[in-house]
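To keep things clear, I will list the structure first and then write my remarks on it.
Protein chains: 2
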Amino acid sequence: MSNPGLLNELVAALRCLPGVGPKSAQRMAFHLLQRDRDAGRHLARVMAEAMERIGRCRQCRTLSEHALCATCASPKRDASLLCVVEQPSDIAAIEQATDYRGLYFVLGGRLSPLDGIGPEELHLDLLRHRLHEGGVSEAILAISPTVEGSATAHYITGIAEGSPVRITRIAHGVPLGGELELVDGGTLAHAFAGRTHL
Amino acid sequence: MSNPGLLNELVAALRCLPGVGPKSAQRMAFHLLQRDRDAGRHLARVMAEAMERIGRCRQCRTLSEHALCATCASPKRDASLLCVVEQPSDIAAIEQATDYRGLYFVLGGRLSPLDGIGPEELHLDLLRHRLHEGGVSEAILAISPTVEGSATAHYITGIAEGSPVRITRIAHGVPLGGELELVDGGTLAHAFAGRTHL
Ligand SMILES: [Zn+2]
Ligand SMILES: [Zn+2]
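Chains F and D supply the protein sequences, listed in that same order. For the first sequence, the UniProt record's numbering begins at 1 and goes up steadily by one. For the second sequence, the UniProt record's numbering begins at 1 and goes up steadily by one.
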């Protein structure tokens, strides 16, 4: 069409969502405009607010609109257990699949020097501090078993040296090279229960 | 989690999009927050604006932010041809698949008395006026070949009586009971070229 217009702008903007191609972006735009404008208005409002207000928890670095996330702030969680994950989405997967009641630390990725991701990008100083300040008895590494994930786990084992923290790693069942968040819940629960000492 | 929070609100709001389940809504939220906040801000802004500003073209009733849509306003389109479709998305499909250069009329659905969709809901008075005011020589019905679609086509043939408009219907290739917008472009182009006199 000659004039792109607001409708086409909406279709184009929807394509920033992962897994949304031109066809489904168009379907989404038409659906909202023809059948659910209130939902579209609500989504636009929540999305704008989330982009501004959601930051990182200062203790575990998961996404949170508060300085301290709900999990870190909860007195019901066992603060002697610390599960180290790559992404906030891994926390959601673990919470849904297991009965883990400890706390978390979110790396935000894996060590990958070629991509410019070093210890600083993963906030490993903050993790080192957490492991050495006392209170944590076990750190469970729930990191994808890729080459970079293994290097990251190895590095964390190094920074834990001299602390009383026992480092374990979730084990059996996570497919090699697999992304943690794509693993089914049963497999993940099994891997969690079968974690081994590093 | 105890406190739903803004992140969970965003995940829930994303589920208003068609085809988006809990898993993909979560993936979308994390993607925007971790990797593309600018795109998220832009999408939120465009979506809010689209929900407020996009209405219906007063002539063809497609979605448009202007009183007269770009197609109706274009002097390059052949105003003697009028293609009657169910939804605005059908226009997009026809524009992409065929070399049709006429104008459109969007019904917004099919006659379905049991669902409370009668001639008024489909703005058939506006279509009647259009057919009788002169200027249109052929009206091409590009309506899904379902029971309700056939009833709608029959009704339109009726309101065209006494006008000089020749009513045709797109034919071969559109699968029976199929939704027009799901048909591949080649089939649609074929059906368009092979339209028959009603
Ligand atoms: Zn936290
Ligand atoms: Zn129009």
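Think of the CB as a built atom: it goes at the ideal place given N, C-alpha and C, for glycine as much as any other residue. Just so you know, these numbers come straight off a predicted model, no measurement behind them.
Are there 16 or more other CB atoms within 10 angstroms of the CB of L7/F, so buried, or fewer, so exposed?
Its Cβ being crowded by 16 or more others within 10 Å, L7/F is buried.
Taking buried to mean at least 16 other C-beta atoms within 10 Å of its own C-beta, is S2/F buried or exposed?
Interpretation of S2/F is limited by its pLDDT of 37, a score under 50 that renders its predicted location unreliable; no figure is taken from the coordinates.
P88/D touches chain F at which residues, Cβ-Cβ below 9 Å?
Chain F residues near P88/D: L7, F30, L33 and Q34.
Hey, is H42/D's beta-carbon within less than 9 Å of any beta-carbon in chain F?
Output row for H42/D: interface = yes.
Could one say the Cβ of I54/D lies closer than 9 Å to chain F's Cβ atoms, at least one of them?
So, interface residue.
What residues in its chain sit with their C-beta under 7 Å from that of K23/D, if we drop five residues either side in the sequence?
Hits under 7 Å: none found.
Reducing DSSP to helix, strand and coil, say where T168/D ends up.
T168/D falls in the strand class under three-state DSSP.
Would you kindly work out how many angstroms separate the C-alpha atoms of S112/D and C69/D, rounded to a whole number?
When rounded, the distance between both Cα atoms is 27 Å.
R61/F: beta carbon under 8 Å from a heavy atom of ligand 1?
Yes - ligand 1 has a heavy atom lying nearer than 8 Å to the Cβ of R61/F.
Are three or more beta carbon pairs between the segment 26-45 of chain D and the segment 68-84 of chain D nearer than 8 Å?
Touching, no, given that fewer than three Cβ pairs across the two stretches are closer than 8 Å.
Please report the distance separating the alpha-carbon of D99/D from that of R35/D.
Straight-line Cα distance between these residues: approximately 40 Å.
Kindly indicate if chain F contains any beta-carbon less than 9 Å away from that of Q26/D.
Interface residue, yes.
So, are the CB atoms of A13/D and A92/F less than 9 Å apart?
In this structure, A92/F does not lie closer than 9 Å to A13/D by Cβ.
Note down, in chain order, each residue of its chain lying with its Cβ closer than 6 Å to the Cβ of L32/F, except the 5 sequence neighbours on either side.
Contacts found: G40.
Is C83/D near ligand 4, judged by its Cβ being under 8 Å from some heavy atom?
The ligand content of the structure shown is limited to ligand 1 and ligand 2, which means ligand 4 is not among them.
Using 10 angstroms around the beta-carbon of L188/D, count the other beta-carbons present and answer buried if the total reaches 16, otherwise exposed.
So L188/D counts as buried.
Decide if S80/D is buried, meaning its Cβ has at least 16 other Cβ atoms within 10 Å, or exposed.
It is exposed - the Cβ of S80/D has fewer than 16 other Cβ atoms within 10 Å.
With a Cβ-Cβ cutoff of 9 Å, do R169/D and A193/D count as a contact?
No; because the gap between Cβ atoms is not below 9 Å, this pair is not in contact.
Helix, strand or coil for Y155/D per DSSP?
Residue state, collapsed to three classes: helix.
Can you check DSSP and say which residues form a bridge with R56/D?
The partner list for R56/D (beta bridge, DSSP) reads L63/D.
Could you say if the segment 155-168 of chain D and the segment 125-132 of chain D meet the contact criterion of at least three C-beta pairs nearer than 8 Å?
The segment 155-168 of chain D vs the segment 125-132 of chain D: in contact.
Run down chain F in chain order and give the residues with a C-beta less than 7 Å from the C-beta of S18/D.
Rather than Ser, the amino acid found at residue 18/D in this sequence is Pro. Ordered by position in chain F, the residues that pass the 7 Å Cβ test against P18/D are R27, M28 and H31.
Of the choices C16/D, G135/D, H197/D and L63/D, whose alpha-carbon is the least far from that of T157/D?
With distances taken between Cα atoms, T157/D lies closest to H197/D.
For the alpha helix (DSSP H) containing S80/D, name the first residue and the last one.
Counting along the chain, S80/D falls outside any alpha helix (DSSP H), though it belongs to the beta strand (DSSP E) covering D78 to V85.
Give the residues of chain D in contact with E49/F, contact being defined as C-beta atoms less than 8 Å apart.
In chain order: L6.
I want to see whether chain D comes within less than 9 Å of S144/F, judged by CB atoms only; does it?
It does not: the Cβ of S144/F has no partner Cβ on chain D nearer than 9 Å.
Say yes only if the C-beta of L103/F is nearer than 8 Å to one or more non-hydrogen atoms of ligand 1, and no if none qualify.
It does: the Cβ of L103/F is within 8 Å (strictly closer) of some heavy atom of ligand 1.
Can you check whether the C-beta of E65/F is within less than 9 Å of a C-beta belonging to chain D?
Yes - at least one Cβ of chain D is within 9 Å of the one on E65/F.
Who are the neighbours of A79/D on chain F, taking C-beta pairs under 8 Å?
By Cβ distance, chain F contributes nothing, its closest Cβ being about 16 Å from A79/D, past 8 Å.
I need the straight-line Cα distance from E138/D to A160/D, nearest angstrom please.
Rounded to the nearest angstrom, the two C-alpha atoms are 11 Å apart.
So the beta strand (DSSP E) G5/D belongs to, where does it begin and stop?
It is not in any beta strand (DSSP E) - G5/D instead sits in the alpha helix (DSSP H) that spans G5 to L14.
For G102/F, list the residues DSSP reports as bridge partners.
DSSP, once it has assigned bridges, lists D78/F as partnering G102/F.
Where does S112/D sit, in a helix, a strand or coil, going by DSSP?
Three-state DSSP puts S112/D in a strand.
For my contact list, C57/F and L103/F are in at a C-beta cut-off of 8 Å; report their separation, rounded to the angstrom.
Wrong, their Cβ atoms sit about 10 Å apart, outside the cutoff.
Any heavy atom of ligand 1 closer than 8 Å to the CB of L107/F?
No; taking the cut-off as 8 Å, the Cβ of L107/F has no heavy atom of ligand 1 nearer than that.
Ignore the nearest five residues each way along the sequence and tell me which others in L107/F's own chain have a CB closer than 6 Å to its CB.
Same-chain partners within the cutoff: E86 and L122.
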